[in-house]
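A quick write-up on the structure given underneath.
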Amino acid sequence: MNVEINGPQVLGYLFGNPNLPITETMRNAWIVMVFILFLCIFLTRRMEKIPKGKQAFAEKAVIMIDNLVDSTMGPGCRAFSPYIATLLMSSLFGSLATLFWMRPVTADLNTTLGWALITFFLITFNKIKYGGLGGYLKGFLEPVFVMAPLNVLSEVATPVSMSFRHFGNMAGGLVISTLMMGALEVLSNAVLGFLPVPLLQIGIPGVLSLYFDCFTACMQAFIFSMLTMAYVGDARSSG
Amino acid sequence: MDPKAFVAGMSALGAGMAMIAGLGPGIGEGYTAGQACAAIGRQPEAQGDITRTMILGIAMAESTGIYALVVALILLFANPFVGQF
Numbered sequence: 000m001n002v003e004i005n006g007p008q009v010l011g012y013l014f015g016n017p018n019l020p021i022t023e024t025m026r027n028a029w030i031v032m033v034f035i036l037f038l039c040i041f042l043t044r045r046m047e048k049i050p051k052g053k054q055a056f057a058e059k060a061v062i063m064i065d066n067l068v069d070s071t072m073g074p075g076c077r078a079f080s081p082y083i084a085t086l087l088m089s090s091l092f093g094s095l096a097t098l099f100w101m102r103p104v105t106a107d108l109n110t111t112l113g114w115a116l117i118t119f120f121l122i123t124f125n126k127i128k129y130g131g132l133g134g135y136l137k138g139f140l141e142p143v144f145v146m147a148p149l150n151v152l153s154e155v156a157t158p159v160s161m162s163f164r165h166f167g168n169m170a171g172g173l174v175i176s177t178l179m180m181g182a183l184e185v186l187s188n189a190v191l192g193f194l195p196v197p198l199l200q201i202g203i204p205g206v207l208s209l210y211f212d213c214f215t216a217c218m219q220a221f222i223f224s225m226l227t228m229a230y231v232g233d234a235r236s237s238g
Numbered sequence: 003m004d005p006k007a008f009v010a011g012m013s014a015l016g017a018g019m020a021m022i023a024g025l026g027p028g029i030g031e032g033y034t035a036g037q038a039c040a041a042i043g044r045q046p047e048a049q050g051d052i053t054r055t056m057i058l059g060i061a062m063a064e065s066t067g068i069y070a071l072v073v074a075l076i077l078l079f080a081n082p083f084v085g086q087f
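Here the protein sequences line up with chains A and B, keeping their order. Under our numbering, the first sequence is numbered contiguously, ending at residue 238. Under our numbering, the second sequence is numbered contiguously, ending at residue 87.
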């Protein structure tokens, strides 16, 4: 049995600088971005007054995300819905890329930490914008000033926990699927060793993949954008 | 004893023990789902809201388990201690 579980492979170096590696994750992320771009262009070509077919689908998706933003963040937050939609789509397709023989973009802490840092910046920006700089700093002294270090920690924990959650779910699924493939190979060699192919590897990993890839991908994309909305909405109403 | 083998073995043991943390989220999420079922039974018309809140809560409760998983993965695949010997 040879099971290999590696991080994303380094494909090359930017400008030949060993400090700027181009990894598999980055290549896949660009493929996913180009795919989403072409999907958007395809869905919105030749728009008509009365939507039908692909245009109706696109409009339905936009309305759904708008409604989600409205119901979670309260009215007057429509400006966030493009960002939420971007997060949702890049997370969903980035994770589902694993169905197309690519390493999932989100099974790399760099990707999810990047997104979580954008969200963290949004949260802090909105807290300062709506509560004022004084209110933001005063929030660290709640309920008593002794709690300040803990409050700073809990503030830092937000992006860490968001990124680790997404990364851990996807990477965990990847590891379990890989281990399962190895185990099934051993099992089919032991039980059905007279066959030339590892028969048990057919079909069974698909069932696992349905949960670890499809379900988790949809779930984590939804949760990541949902948490972003909840945190930013909370920051806006804190002032 | 070869210190490298000792550290590697102990790391594998530690990774396994880290995953005991999976108990907590399992219990918590099961309880949450049960409570959500009870709530939907009382108020079927609020199913959408209840489900959404439940999923969010489950995701939050799951993070402790995910931390354990990340620690286990680090111990197994990116062990910081092996290189010291």
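All C-beta atoms, glycine included, are put in the ideal place defined by N, C-alpha and C. Computed from a predicted model, the values in this text were never measured in an experiment.
Exercise. Kindly indicate the opening and closing residues of the beta strand (DSSP E) around A:Y12.
Key: Its beta strand (DSSP E) spans residues V9 to Y12.
Quiz prompt | Straight-line gap, B:T66 to A:V155 (C-alpha atoms, nearest Å) | solution = 16 Å
Quiz item: Closer than 9 Å, CB to CB, is B:A48 near chain A or not?
Solution: Using a Cβ-Cβ cut-off of 9 Å, B:A48 does not count as an interface residue toward chain A, since no Cβ of chain A sits closer than that to its own.
Quiz item: Along chain B, which residues have their Cβ under 9 Å away from the Cβ of A:A220?
Solution: Listed along chain B, no residue sits closer than 9 Å to A:A220 by beta-carbon distance, the nearest being about 12 Å off.
Quiz item: With burial defined as no fewer than 16 other Cβ atoms inside 10 Å of the residue's Cβ, what is the status of B:T53: buried or exposed?
Solution: exposed
Quiz item: My guess is that A:L86 and A:W114 are in contact by the Cβ rule of under 8 Å, so how many angstroms apart are they, rounded?
Solution: 6 Å
Quiz prompt | Limits of the alpha helix (DSSP H) - the one that B:I52 falls within | solution = Q49 to F79
Quiz item: Which residues, in order along the segment 167 to 192 of chain A, keep a beta-carbon less than 9 Å from a beta-carbon of chain B?
Solution: G167, N168, A170, G171 and V174
Quiz item: Does the beta carbon of A:I301 come closer than 9 Å to any beta carbon on chain B?
Solution: Since the first and last residues shown for chain A are 0 and 238, residue 301 of chain A lies out of range.
Exercise. Flag this pair as touching only if the segment 161 to 179 of chain A and the segment 219 to 236 of chain A have three or more C-beta atom pairs under 8 Å; answer yes or no.
Key: yes
Quiz prompt | Cross-strand partners of A:P20 (DSSP beta bridge) | solution = Note: A:P20 sits in a beta bridge opposite A:Y12.
Quiz item: Which residue spans inside the segment 33 to 85 of chain A form an unbroken alpha helix (DSSP H) run of at least 4?
Solution: Counting only runs of 4 or more, we get 53 to 72.
Quiz item: Buried or exposed: where does A:F92 fall if 16 or more other Cβ atoms within 10 Å of its Cβ makes it buried?
Solution: buried
Quiz item: For A:L98, which three-state DSSP category applies?
Solution: helix
Exercise. Report, in whole angstroms, the separation of the C-beta atoms of A:T260 and A:S90, which I expect to be a contact under 8 Å.
Key: The structure shown does not extend to residue 260 of chain A, since chain A is modelled only from 0 through 238, so no value can be given for it.
Quiz item: Is the shortest distance between the beta-carbon of A:S160 and the beta-carbons of chain B less than 9 Å?
Solution: By the rule that beta-carbons nearer than 9 Å mark a contact, A:S160 touches chain B.
Self-check item: Interface partners of B:Y69 on chain A, CB under 7 Å
Solution: F163
Quiz item: Which of helix, strand or coil does DSSP assign to A:T239?
Solution: This structure does not reach residue 239 of chain A, given that chain A is present from 0 up to 238, and the question cannot be answered.
Quiz item: Is the distance from the Cβ of A:L199 to the Cβ of A:V190 below 9 Å?
Solution: Yes, these two residues count as a Cβ contact at 9 Å.
Quiz item: Going by other Cβ atoms of all chains shown within 10 Å of its Cβ, with 16 needed for buried, is A:Q219 buried or exposed?
Solution: Buried, by the Cβ-count rule.
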